[in-house]
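Chemist: Sending over a structure as structure tokens; questions will come in a sec.
Chains as they are written, first to last, in our numbering: chain A, 5 to 82; chain B, -9 to 746.
What follows is the structure, encoded as structure tokens:
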């Protein structure tokens, strides 16, 4: 018994790992920005988990979009 | 006669021996006529009739009785009870019955419940229960004058002795072939007798004589199961006095166990458990294999034994899961429910979509990284056990077939929970744990000194059993576990934690972190009274008890060591306004950290706990770096005690099975070369001697082989110490990375300056 599906945090780490080849194809200077963007998804892991989507990428994409929206809103307010 | 139940075990044919501790301090051996039994069920009447014919050969007698075969059954059914005079034949009988037909033709019950426990359940007894007992023609007649629910019970004065055996080592490590050097016996009254004269044979027989003279009820050893007692058995044999090595009350010679023990997997770790060496009529308590004694002392050990109805010998070695199982077996037996040999409650079918919704853990609010001021902590008390108890969550109640329209439903999943059985086996078992913990907590508030410490130990022991209740719901070997019940508890947890957070937000608090049953909240200018008011509101809204732990002067939520911007759950430390420190998940809390490192990290934290605000704490960092430098200097000048530099690691494999050359594997190999037999799951301890060495055996040395010539690798220890100190300093000042701390060590030695 125990858990059948991985927790969202684990699933997310797997998804990030699967984008490794995308990352390798990026210019060296872009890789840190890419890592930072993916790590932003981790800040909303609980919300992505609560959303329960069949594709783990959906939860991550929403988290990244939302994080960027917040950042943009902050910038435009300034 | 009246007294307390001390020990019990079966005796063939068909007897249960019970040792009673009388009020005058004497012990009495009583014998009851009682034989254990197993139960068999089958859909075929013919199969059951065939089984009955095996009488005399396999079992003593049989009878048809009615019982609830499964916890989910709504009516009793006819089963065959097979009574066996010799408890050792229970499992072989079950195995032969199972093999006699295709798998599943016979369903077997109560096979692997230890007979002593079943005797206690059937007679409503428990260890250390105060009873009046009379011997009749039919056996013993018990009149229990004690209550398992009582918190202020009397424990009889038990005579104890601690046995220590020193080996006359021929090499660096003690071997079974080495003779006994000396034996010392420390009595609970402070008396010490030491046997070191004469021959080895004299010393062994001296031990027998001393134990006979002292007649202890409790015999303490360190590593008695794995080494001391098997070693004495082997030395007695070498001296031709095997038959005279009698240290139990039964008068039988001590024998080595048939099996040395077993390795098992628990929570991501391989662990090893040696076979128990029981001393019939006394209680042998091996301090190194007793979790409950280590965590909560003798009082906690007695409490678990009483509440879970586990004989003292068993309770001292039992995992908390085993203790909890016993409590569930008791309630099942009382209700006429049979205990399956092989658990049969399967997980209900779920579609992929349903599984994704259902199969999730408790709720977590990601922590806000960094140092915060004025954060308050609220903790739900025994949340998971309370959910099971209040929402009736048990293997047989969640998604029962009898009440699909039940009003008691699991949130998010909309699963029904049984209403016809208002209290399932798990909630029943959990109730005594939750309620007694609360009673002890209240008693602690109105008592002091020794009495208060006693209640605290008992409450602490029950806390561990409470912790196991949840895991056991989803554990595949648990007799009354079922993943659907486990999922149900998590779903309730998520609802309760999120509801609580919403109440807090409505009151203007910000959620700084939340994990499963704890919330860290912040609101500018919030007083203790504001938090107390919020606590009451959350309780009213969620209907679950929550306690206010206090307000932190400062608290740190740590980032991941790999991704600096990503928070990790469960790693934080902080100082409450009353000066108390709370430290979770960092080095000082980990059992594998060398004590010298933990000491240094805690010293720094205690300094920081003196600060009244984050600003003040930041101002103390230089002082803290000084603590690090003092410890680093101690290391570099080889003044650090070598015992404080020991790393402890559990072996995940047998020595020789390791593919890569880690420090742990090299240490295991060195021990194996010295003739030490190691199993996966046993812990090894080592000191790093030359971390960079090309030869693996020079990198670290097992602690057992450390002598006055051993020189530790000071450079490596300073590097590791810098990492440990950086964990607690970097959040306060960004330049306190491990690298910068190391530079400070170089600077300090060269220029006697501190970190800039």
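Ideal Cβ positions, reconstructed from N, Cα and C, are used throughout, including at glycine.
State buried or exposed for residue 386 of chain B, treating a residue as buried only when at least 16 other CB atoms are found within 10 Å of its CB.
Modeler: Buried is the call here.
Chemist: May I ask whether a heavy atom of the ligand MG can be found less than 6 Å away from the beta carbon of residue 234 of chain B?
Modeler: What this structure holds is no ligand at all, so the ligand MG is not there to describe.
Chemist: Judging by CA-CA distance, which residue of B/365, B/28, B/621, B/625 is the nearest neighbour of residue 806 of chain B?
Modeler: Chain B is shown from -9 up to 746; residue 806 of chain B falls before or after that span and cannot be answered.
Chemist: Specify the secondary structure class of residue 741 of chain B as computed by DSSP and reduced to three states.
Modeler: Residue confidence is low: residue 741 of chain B scores 45 on pLDDT, short of 50, so the model does not pin down where it sits. No coordinate-derived value is stated.
Chemist: Flag residue 356 of chain B as yes if its beta-carbon sits less than 7 Å from any beta-carbon of chain A, otherwise no.
Modeler: Taking Cβ atoms only, chain A reaches closer than 7 Å to residue 356 of chain B, which makes this a yes.
Chemist: What does residue 132 of chain B pair with, by DSSP beta-bridge criteria?
Modeler: Answer by DSSP bridge pairing, in chain order: B/123.
Chemist: Take the Cβ of residue 530 of chain B as the centre, count every other Cβ of all protein chains shown within 10 Å, and call the residue buried at 16 or more, exposed below.
Modeler: With fewer than 16 other Cβ atoms within 10 Å, it is exposed.
Chemist: In whole angstroms, what separates the C-alpha of residue 202 of chain B from that of residue -8 of chain B?
Modeler: Cα to Cα, residue 202 of chain B sits roughly 24 Å from residue -8 of chain B.
Chemist: Alpha carbon to alpha carbon, how far is residue 649 of chain B from residue 633 of chain B? Give it in angstroms, no decimals.
Modeler: Taking the straight line from one Cα to the other gives about 29 Å.
Chemist: Going by C-alpha to C-alpha distance, which of B/328, B/424, B/236, B/452 sits closest to residue 292 of chain B?
Modeler: For residue 292 of chain B, the nearest C-alpha among the options comes from B/452.
Chemist: Less than 7 Å between the C-beta atoms of residue 721 of chain B and residue 424 of chain B, yes or no?
Modeler: Going by C-beta atoms, residue 721 of chain B is not nearer than 7 Å to residue 424 of chain B.
Chemist: Excluding five sequence neighbours on each side, which residues of the same chain lie with their C-beta closer than 7 Å to the C-beta of residue 412 of chain B?
Modeler: 382.
Chemist: Check whether the region 613 to 623 of chain B and the region 639 to 656 of chain B are in contact - that is, three or more C-beta pairs closer than 8 Å.
Modeler: No, they do not touch.
Chemist: At the 7 Å Cβ level, is residue 452 of chain B part of the contact set with chain A, yes or no?
Modeler: No, its Cβ sits nowhere closer than 7 Å to a Cβ of chain A.
Chemist: Closer than 7 Å, CB to CB, is residue 42 of chain A near chain B or not?
Modeler: By this cut-off, residue 42 of chain A is not an interface position.
Chemist: Can residue 697 of chain B and residue 681 of chain B be called in contact, C-beta distance under 7 Å?
Modeler: Going by C-beta atoms, residue 697 of chain B is not nearer than 7 Å to residue 681 of chain B.
Chemist: Check for me: the alpha helix (DSSP H) holding residue 81 of chain A runs from which residue to which?
Modeler: From DSSP, the alpha helix (DSSP H) with residue 81 of chain A extends over 60 to 81.
Chemist: Report the neighbours of residue 555 of chain B on chain A: residues whose CB is nearer than 9 Å to its CB, in chain order.
Modeler: Going along chain A in sequence order, the residues near residue 555 of chain B (Cβ under 9 Å) are 40, 43, 44, 46, 47.
Chemist: For residue 52 of chain A and residue 41 of chain A, which I take to be in contact (beta-carbon distance under 8 Å), what is that distance rounded to the nearest angstrom?
Modeler: About 15 Å; that fails the 8 Å criterion.
Chemist: Considering only their Cβ atoms, is the gap separating residue 636 of chain B from residue 675 of chain B smaller than 7 Å?
Modeler: Taking 7 Å as the Cβ cut-off, residue 675 of chain B and residue 636 of chain B qualify as a contacting pair.
Chemist: Just to make sure I have the definition right: I need the residues of chain A whose C-beta is within less than 7 Å of the C-beta of residue 353 of chain B. Which are they?
Modeler: Per Cβ cutoff of 7 Å: 50.
Chemist: If you run the structure through DSSP and keep just helix, strand and coil, what is residue 417 of chain B?
Modeler: DSSP places residue 417 of chain B in helix when its eight states are reduced to three.
Chemist: Please state the DSSP three-state secondary structure of residue 462 of chain B.
Modeler: Looking at residue 462 of chain B - three-state DSSP - the assignment turns out to be helix.
Chemist: Take the Cβ of residue 740 of chain B as the centre, count every other Cβ of all protein chains shown within 10 Å, and call the residue buried at 16 or more, exposed below.
Modeler: Note that residue 740 of chain B scores a pLDDT of 47, beneath 50, so its modelled location is shaky; the value from the coordinates is reported in the next line. Per the 10 Å Cβ criterion, exposed.
Chemist: Decide if the region 22 to 40 of chain B is in contact with the region 0 to 7 of chain B; the criterion is three or more beta carbon pairs, one per stretch, under 8 Å apart.
Modeler: A contact exists between the region 22 to 40 of chain B and the region 0 to 7 of chain B.
Chemist: Give the secondary structure of residue 654 of chain B by DSSP, where H, G and I count as helix, E and B as strand, and everything else as coil.
Modeler: DSSP places residue 654 of chain B in helix when its eight states are reduced to three.
Chemist: Excluding the 5 residues flanking residue 116 of chain B on each side, which residues of the same chain have their C-beta closer than 7 Å to its C-beta?
Modeler: For residue 116 of chain B, where only same-chain residues beyond five positions count, the Cβ hits under 7 Å are 110, 138, 296, 299.
Chemist: What residues in the region 490 to 503 of chain B bring their beta carbon closer than 9 Å to a beta carbon of chain A?
Modeler: Against chain A - using a Cβ distance shorter than 9 Å - the region 490 to 503 of chain B contributes no residues.
Chemist: Could one say the Cβ of residue 56 of chain A lies closer than 7 Å to chain B's Cβ atoms, at least one of them?
Modeler: Cβ-Cβ to chain B under 7 Å: yes for residue 56 of chain A.
Chemist: Whose C-beta lies closer than 7 Å to the C-beta of residue 716 of chain B among residues of the same chain, with five residues either side of it excluded?
Modeler: Counting only Cβ-Cβ distances below 7 Å, and skipping sequence neighbours, we find 726, 727, 728, 731.
Chemist: Using a Cβ-Cβ cut-off of 7 Å, state whether residue 404 of chain B counts as contacting chain A.
Modeler: Judged by the 7 Å Cβ criterion, residue 404 of chain B is not in contact with chain A.
Chemist: I need the straight-line Cα distance from residue 546 of chain B to residue 510 of chain B, nearest angstrom please.
Modeler: Computed Cα separation, rounded: 11 Å.
Chemist: Pairs of beta-carbons, one from the region 550 to 561 of chain B and one from the region 570 to 580 of chain B, closer than 8 Å: are there three or more?
Modeler: A contact exists between the region 550 to 561 of chain B and the region 570 to 580 of chain B.
Chemist: Looking only at C-alpha atoms, which of B/440, B/506, B/494 sits nearest to residue 457 of chain B?
Modeler: Checking every option, the nearest Cα to that of residue 457 of chain B belongs to B/506.
Chemist: So, helix, strand or coil for residue 764 of chain B, using DSSP?
Modeler: The structure shown has nothing for residue 764 of chain B, since chain B only spans -9 to 746.
Chemist: Can you check whether the CB of residue 504 of chain B is closer than 7 Å to the CB of residue 812 of chain B?
Modeler: No information on residue 812 of chain B is available, as it lies outside the stretch -9 to 746 that chain B covers here.
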